[in-house]
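**Student:** Position in the sequence shown counted from 1, then plus 3, gives you our numbering. Pasting a structure here, questions to come.
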Amino acid sequence: VPSLRATIVAQGRSQDIDIYERLSKTGHAYYSVNRANVDYQKQGKALILGSGTIGLLISSILKAKGLKDITILDKNKYRLNLAKEEFGAKNIINQEFEDIKKNNGDPKENNYDYIFDLIVINSSLDYGLKAIKPQGRYI
Numbered sequence: 004v005p006s007l008r009a010t011i012v013a014q015g016r017s018q019d020i021d022i023y024e025r026l027s028k029t030g031h032a033y034y035s036v037n038r039a040n041v042d043y044q045k046q047g048k049a050l051i052l053g054s055g056t057i058g059l060l061i062s063s064i065l066k067a068k069g070l071k072d073i074t075i076l077d078k079n080k081y082r083l084n085l086a087k088e089e090f091g092a093k094n095i096i097n098q099e100f101e102d103i104k105k106n107n108g109d110p111k112e113n114n115y116d117y118i119f120d121l122i123v124i125n126s127s128l129d130y131g132l133k134a135i136k137p138q139g140r141y142i
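The structure is reproduced here in structure tokens:
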């Protein structure tokens, strides 16, 4: 909400900007999980492309709601370890999309029920579309 940010800055309350940023990312993660309409009884598989703040929050929300099979792909080893140790990821994939293309590291086809693409580049889209099951949800 740009107008809210402008209002906060105009009033000189810079500490509120940090709170706004956190709430914005948490809201985005929660909205994405709700938008995926995850069936927690069925226990499907989720793939999160990107382990930034929103990716870690999505993993945490999915885990808290009962999904057990969560995989995160990213190139940052520190965030991937954090995802596994603190944010509920069962599996981690440590690769860059450029490496995946070079090494023919395509995902198992039709393997995931839910894809959360937070990288949003052509190669992440290609990867996600190969990985998703028919009737899966791509967010």
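Glycine residues also receive a C-beta, built at the ideal position from the N, C-alpha and C atoms. These figures come from a predicted structure and were not determined experimentally.
#1: If you reduce the DSSP assignment to three classes, tell me which class Gly139 lands in.
#2: Tell me, which residues are paired with Asp72 by DSSP?
#3: Find the nearest neighbour of Lys48 within the set Leu59, Ala39, Lys68 and Asp72, judged by alpha-carbon distance.
#4: Select from Leu85, Lys87, Gly30 and Asp42 the residue whose C-alpha is nearest the C-alpha of Gly139.
#5: Going by beta carbon distance, what residues of the same chain come within less than 6 angstroms of Ile68, once the five residues before and after it are set aside?
#6: Taking a contact to mean a Cβ-Cβ separation below 8 angstroms, would you say Ala32 touches Leu76 in this structure?
#7: Name the DSSP bridge partner or partners of Asn79?
#8: Comparing C-alpha positions only, which one of Ser127, Phe119, Phe90 and Ala86 sits nearest to Ser35?
#9: Leaving out five residues on either side along the sequence, give the residues of the same chain with a beta carbon under 6 angstroms from the beta carbon of Thr56.
**Tutor:** So, from the listed chains and residues:
#1: strand
#2: Under DSSP, Asp72 takes part in a beta bridge, and its partners are Lys48.
#3: Asp72
#4: Asp42
#5: In the sequence under discussion, the amino acid at residue 68 is Lys, which differs from the Ile named in the question. Only Tyr43 meet the Cβ criterion.
#6: no
#7: Beta-bridge pairing links Asn79 to no other residue.
#8: Phe119
#9: Lys28
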